């Protein structure tokens, strides 16, 4: 279970106007602005749910994921994932967590993918038997086959993303965070990734928190949607609720755009 | 510990796949070592009595320096680590149930060892084939050889701990290039990379020997050639232990402080 209660996080950003005069001035006195990223963020995700976490760029989605991963410490508020506070019990917490950042890579780029997977096996202390089972299942479902022998740097984006997802699931995590897992993928790869996420959730009961800008991801995967904007939780419901709020005959995509406008975010 | 060993193993194997780089490095190192010795030979023939080291010890120094260059050359930074901090890719490493310092230390040690292992044997072999006093004299007592190996391990620790300290600085600076260039230059001069420390003027030599740079290649290379012997060996190795401990502790604290206030920007 993921529980966030009253989480606040403010970034301290250095700012100055462009131009030489302002650059010189900033040598002596620096201007900072406080940018609130999360304000009183509160929500709960029960075990086994797939939740879509949506909002425009800069709404605070990644900040939330980073706090939940234990990478970032909030200014105030409490947060537990299966009973552990992410930033306080970082090592124990991340051992039960799988993460995919769609825009970054966790595979070591100059060795065959299999080497990376074997290393992750040791880092997460996965027993041999469970590793083999998971690997066989992931290989079959994600169609990895020969990809495992290829160095990560020589994979196409779609191939790499399938390997990234496999890498995040080798240690049978209870909770999976997917940060834009379908970004830049072609139709076939997208479908395959979605199908796999559903399968993983159905078979292993993995709790999934998914951030995405692709509303078809949301339609295909999520039973529940959290909409955030300017660091606040604005809406919590299923996709039907979002469509009903936006009016008739709009696709989820158009409904969400309509909501963004309506909330002024 | 096992996870750090696994990490070490993988980097070691990855490093071994770079054959062309090893071959290119090898030929460079052999030619370089030969040229250096020719220069020293000219000085030595002129005034053998004013030479601060024996010619055999110097030849051993030069050949081993070339053989083990990648083990201790401070300019062999790992741009990937610095890049990962600048771009935020380090986020992934922070989602592992392992210590970042430990993982990066294991990686630094492995990268240096894998490069070193591919190159050391051929240079040592060729150096040994060259006649005395210009070649690498392999007559060395088992006890001294043991001390040489031990101080090589300590040297590797000091070098990696030093680079880790700089990587940890990356969390606090926008661009660590300045610090890297400065420390590389200092290590070249004070570490005995350009000329062995006995060739430096007395005052500078003392400072160099006590500095962390003096705890790097200076110690094992001179032990092997017999230039440092007896109690001086223990003193030099004591300094190596001291610097290894200080640099590891400092790097660890600095990285911890950096991680506490690190914000990984962007999605």
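Protein chains in written order, with the working numbering: chain A, 1 to 265; chain B, 1 to 267. Built from N, CA and C at the ideal position, the CB exists for glycine as well. Remember, it's a predicted structure, so these values are computed and weren't measured experimentally.
Inset, instruction - Would you tell me roughly how many angstroms separate the C-alpha atoms of residue 233 of chain A and residue 58 of chain A, rounded to the nearest one? - result: A straight-line Cα-Cα distance of about 13 Å links residue 233 of chain A and residue 58 of chain A.
Legend entry - Cut-off 6 Å between Cβ atoms - residues of its own chain near residue 55 of chain B, not counting five sequence neighbours on either side: 44, 133
Inset, instruction - Report the partner residues of residue 10 of chain A according to the DSSP bridge assignment. - result: Answer is A/36, bridged to residue 10 of chain A.
Legend entry - Interface flag, residue 2 of chain B vs chain A, CB-CB below 8 Å: yes
Inset, instruction - Run down chain A in chain order and give the residues with a C-beta less than 8 Å from the C-beta of residue 174 of chain B. - result: Chain A residues near residue 174 of chain B: none, gap ~11 Å exceeds 8 Å.
Inset, instruction - Could you tell me whether the Cβ of residue 160 of chain A comes closer than 8 Å to any Cβ of chain B? - result: no
Inset, instruction - Enumerate in chain order the residues of its own chain whose CB-to-CB distance from residue 31 of chain B is below 7 Å, with the five nearest sequence positions on each side excluded. - result: Hits under 7 Å: none found.
Inset, instruction - Starting from the beta carbon of residue 96 of chain B, find every residue of chain A whose beta carbon is closer than 7 Å, and list them in chain order. - result: Chain A residues near residue 96 of chain B: 94, 123.
Inset, instruction - Give a yes or no on contact between the segment 186-200 of chain A and the segment 158-168 of chain A, applying the rule of three or more CB pairs nearer than 8 Å. - result: yes
Inset, instruction - Report yes if the C-beta distance between residue 162 of chain A and residue 89 of chain B is below 8 Å; otherwise report no. - result: no
Legend entry - 9 Å Cβ cut-off: residues of chain A touching residue 7 of chain B: 119, 122, 123
Legend entry - Closer than 9 Å at the beta carbon, the chain A residues around residue 91 of chain B: Near residue 91 of chain B (Cβ distances below 9 Å), the residues of chain A are 66, 69, 71, 99, 101, 104.
Legend entry - DSSP beta-bridge partners of residue 2 of chain A: A/45, A/81
Inset, instruction - With DSSP as the reference, please indicate the residues paired to residue 100 of chain A in a beta bridge. - result: A/178
Inset, instruction - Might you give, ordered along the chain, the residues of its own chain that have their beta carbon closer than 8 Å to the beta carbon of residue 85 of chain B, omitting 5 neighbours on each side? - result: Only 167, 170, 171 meet the Cβ criterion.
Legend entry - Sheet register partners of residue 224 of chain A (DSSP bridge): A/51
Legend entry - 8 Å CB neighbourhood of residue 22 of chain B in its chain, flanking five on each side removed: 115, 118, 119
Legend entry - Three-state secondary structure assigned by DSSP to residue 156 of chain B: helix
Inset, instruction - Determine contact between the segment 64-72 of chain A and the segment 129-148 of chain A, defined as no fewer than three beta-carbon pairs at a distance below 8 Å. - result: no
Inset, instruction - Confirm, please, whether the CB-CB distance from residue 8 of chain B to residue 110 of chain B is below 8 Å. - result: Yes. Within cutoff.
Legend entry - the segment 207-223 of chain B touching the segment 57-77 of chain B, judged by at least three CB pairs closer than 8 Å: yes
Inset, instruction - Let me know the secondary structure DSSP gives residue 147 of chain A once reduced to three states. - result: helix
Inset, instruction - State yes or no: is the beta carbon of residue 14 of chain B nearer than 8 Å to at least one beta carbon in chain A? - result: Residue 14 of chain B counts as touching chain A.
Inset, instruction - Would you tell me roughly how many angstroms separate the C-alpha atoms of residue 125 of chain A and residue 65 of chain B, rounded to the nearest one? - result: 39 Å
Inset, instruction - Using a threshold of 8 Å, state whether the C-beta atoms of residue 37 of chain A and residue 231 of chain A are closer than that. - result: Yes.
Inset, instruction - Under 7 Å between beta-carbons, which chain B residues line up against residue 110 of chain A? List them in chain order, please. - result: 14
Inset, instruction - Determine the contact status of residue 175 of chain A and residue 82 of chain A, defining contact as a CB-CB distance below 8 Å. - result: yes
Inset, instruction - Tell me, please, whether the segment 239-258 of chain B touches the segment 202-218 of chain B by the rule of three or more beta-carbon pairs shorter than 8 Å. - result: With contact defined as three or more Cβ pairs closer than 8 Å, the segment 239-258 of chain B and the segment 202-218 of chain B are in contact.
Legend entry - Closer than 8 Å to chain B by CB, residue 128 of chain A: no
Legend entry - For residue 208 of chain A, three-class secondary structure by DSSP: strand
Inset, instruction - Answer yes if the segment 79-97 of chain A comes into contact with the segment 96-109 of chain B, meaning at least three C-beta pairs across the two stretches below 8 Å, and no otherwise. - result: Of all C-beta pairs linking the segment 96-109 of chain B to the segment 79-97 of chain A, three or more are shorter than 8 Å, placing the two stretches in contact.
Inset, instruction - Compare the C-beta of residue 91 of chain A against all C-beta atoms of chain B and say whether one is closer than 8 Å. - result: yes
Inset, instruction - Could you tell me whether any Cβ in chain A is nearer than 8 Å to the Cβ of residue 10 of chain B? - result: With 8 Å as the cut-off, residue 10 of chain B counts as an interface residue toward chain A.
Inset, instruction - Would you kindly check if the distance between the Cβ of residue 212 of chain A and the Cβ of residue 218 of chain A is under 8 Å? - result: yes
Inset, instruction - Give the residues of chain B in contact with residue 115 of chain A, contact being defined as C-beta atoms less than 8 Å apart. - result: 10, 13, 14
Legend entry - Contact under 8 Å by Cβ, residue 280 of chain A with residue 32 of chain A: Because residue 280 of chain A is not part of the residues shown, which for chain A are 1 to 265, the question remains open.
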